[in-house]
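Chains as they are written, first to last, in my numbering: chain A, 1 to 152; chain B, 153 to 336.
Given below as structure tokens:
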């Protein structure tokens, strides 16, 4: 009996230790820093073209050994959320949707005005300074992660 | 077709923005403000006027320009009385005066947003050399997007079109150039 109990204890300790080491190996490789959202009016309540839009910016870092890919984003603040990139073509700004965003291993991608942003289409409320916008971003490897972007 | 030479700052030209040479009178226009009033550019003599083009559907570049010009106004202090910032829509289809009002007021009460008939707005863009191209783009819920010029055009107190500020120019440099024009 005593031996069997002892064996069980050893097994339990081993299982916990294994769990720890596994969770250690899975420390999130993706970091989300410096998130913020541009203030924006909801608009469109009177039928003036169907709602305002907003933009959320964040810097994504990848400490992992493998590249990861941002696949999609969702938020309660907007009807539709997309990834967009603006390019400056000799002073002419061209904003386009992008289907995914690759974050290289050991690298980072900085979203900023005139570059990449998370596009909020059809705001469900005004984005006012002092508010916070919650966005869930889903990565191929890291899975879903939530960021909180203060409005300014 | 109007062609300007945009020169980098040269001898005697201590401006930070792109200097338009030869300077000439800014093409005049009459458009409708967000409050439904008529506004004529030539009625703003005595002010430095910053003119930008954009649309309220744009959450990225246009708000950045408006936010920067709001900071510029704040930095001008009492001289802000002699500064006017105009935002001319490139999207009259969606940008009604109420929508323009809501949009610019989110950034600053000091802005004047302008709209007008599609033809009149096209004439203004042509006179200033502004590009605006409507695009139906796959892969977005947006019905259409508009590619457009991001320069801010600066008119001096005498009504001459003097400078173009490129996207990303610092607030310090913009304030510097506007103060210089106010001194002359």
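Cβ atoms here follow ideal geometry from the backbone N, Cα and C, with glycine treated the same way.
The model shown is predicted, which means the values in this text are computed figures rather than measured ones.
Check whether residue i and residue j have beta carbons under 8 Å apart
i: residue 61(A); j: residue 33(A); result: yes
i: residue 222(A); j: residue 35(A); result: The requested residue 222(A) is not part of the displayed model; chain A covers only 1 to 152.
i: residue 67(A); j: residue 92(A); result: no
i: residue 312(B); j: residue 202(B); result: no
i: residue 120(B); j: residue 239(B); result: There is no way to answer for residue 120(B), as the model of chain B reaches only from 153 to 336.
i: residue 306(B); j: residue 319(B); result: no
i: residue 80(A); j: residue 122(A); result: yes
i: residue 301(B); j: residue 205(B); result: yes
i: residue 212(B); j: residue 113(A); result: yes
i: residue 314(B); j: residue 194(B); result: no
i: residue 221(B); j: residue 232(B); result: no
i: residue 77(A); j: residue 54(A); result: yes
i: residue 63(A); j: residue 106(A); result: yes
DSSP three-state assignment for residue i, whether helix, strand or coil
i: residue 286(B); result: strand
i: residue 38(A); result: coil
i: residue 132(A); result: strand
i: residue 329(B); result: helix
i: residue 46(A); result: Bear in mind that the predicted position of residue 46(A) carries a pLDDT of just 44, short of 50, making it unreliable; the figure below should be weighed with that in mind. In the structure shown, residue 46(A) sits in coil (DSSP, three-state: anything other than H, G, I, E or B).
i: residue 59(A); result: strand
i: residue 166(B); result: coil
i: residue 22(A); result: No answer about residue 22(A) holds up, because its pLDDT of 49 lies below 50 and its placement is not dependable.
i: residue 33(A); result: strand
i: residue 279(B); result: helix
i: residue 215(B); result: helix
i: residue 145(A); result: strand
i: residue 361(B); result: No information on residue 361(B) is available, as it lies outside the stretch 153 to 336 that chain B covers here.
i: residue 299(B); result: strand
i: residue 152(A); result: coil
i: residue 138(A); result: strand
Nearest-angstrom beta carbon gap, residue j and residue i [assumed within contact, 8 Å]
i: residue 264(B); j: residue 184(B); result: Between residue 184(B) and residue 264(B) the Cβ distance is about 10 Å, and since that is not below 8 Å, they are no contact.
i: residue 292(B); j: residue 82(A); result: 6 Å
Where residue i meets chain B, residues with beta-carbon distance less than 9 Å
i: residue 52(A); result: 208, 209, 211, 251, 254, 255 and 258
i: residue 165(A); result: Given a span of 1 to 152 for chain A in the structure shown, any question on residue 165(A) remains unanswerable.
i: residue 117(A); result: 211 and 212
Beta-carbon neighbours of residue i, restricted to chain A and to distances below 7 Å
i: residue 297(B); result: 95
i: residue 320(B); result: 114
Beta-carbon neighbours of residue i, restricted to chain A and to distances below 8 Å
i: residue 293(B); result: 79, 80, 82, 121 and 122
i: residue 301(B); result: 91, 92 and 93
Partner residues on chain B for residue i, Cβ-Cβ distance less than 8 Å
i: residue 86(A); result: 212 and 213
Per-residue contacts from residue i into chain B (C-beta, under 7 Å)
i: residue 113(A); result: 212, 213 and 216
i: residue 38(A); result: 211 and 215
Whole runs of the beta strand (DSSP E) within the segment 62–130 of chain A, excluding any shorter than 3 residues: Counting only runs of 3 or more, we get 68–74, 78–89, 92–98, 101–103, 108–110 and 116–123.
Ignoring anything shorter than 3 residues, give me the beta strand (DSSP E) runs that lie fully in the segment 225–267 of chain B, in order along the chain. Listed in chain order, the complete beta strand (DSSP E) runs (minimum 3 residues) inside the segment 225–267 of chain B are 235–241 and 263–267.
Note down, one range per segment and in chain order, each beta strand (DSSP E) of at least 3 residues found wholly within the segment 170–208 of chain B. 170–177, 182–185, 190–192 and 200–206
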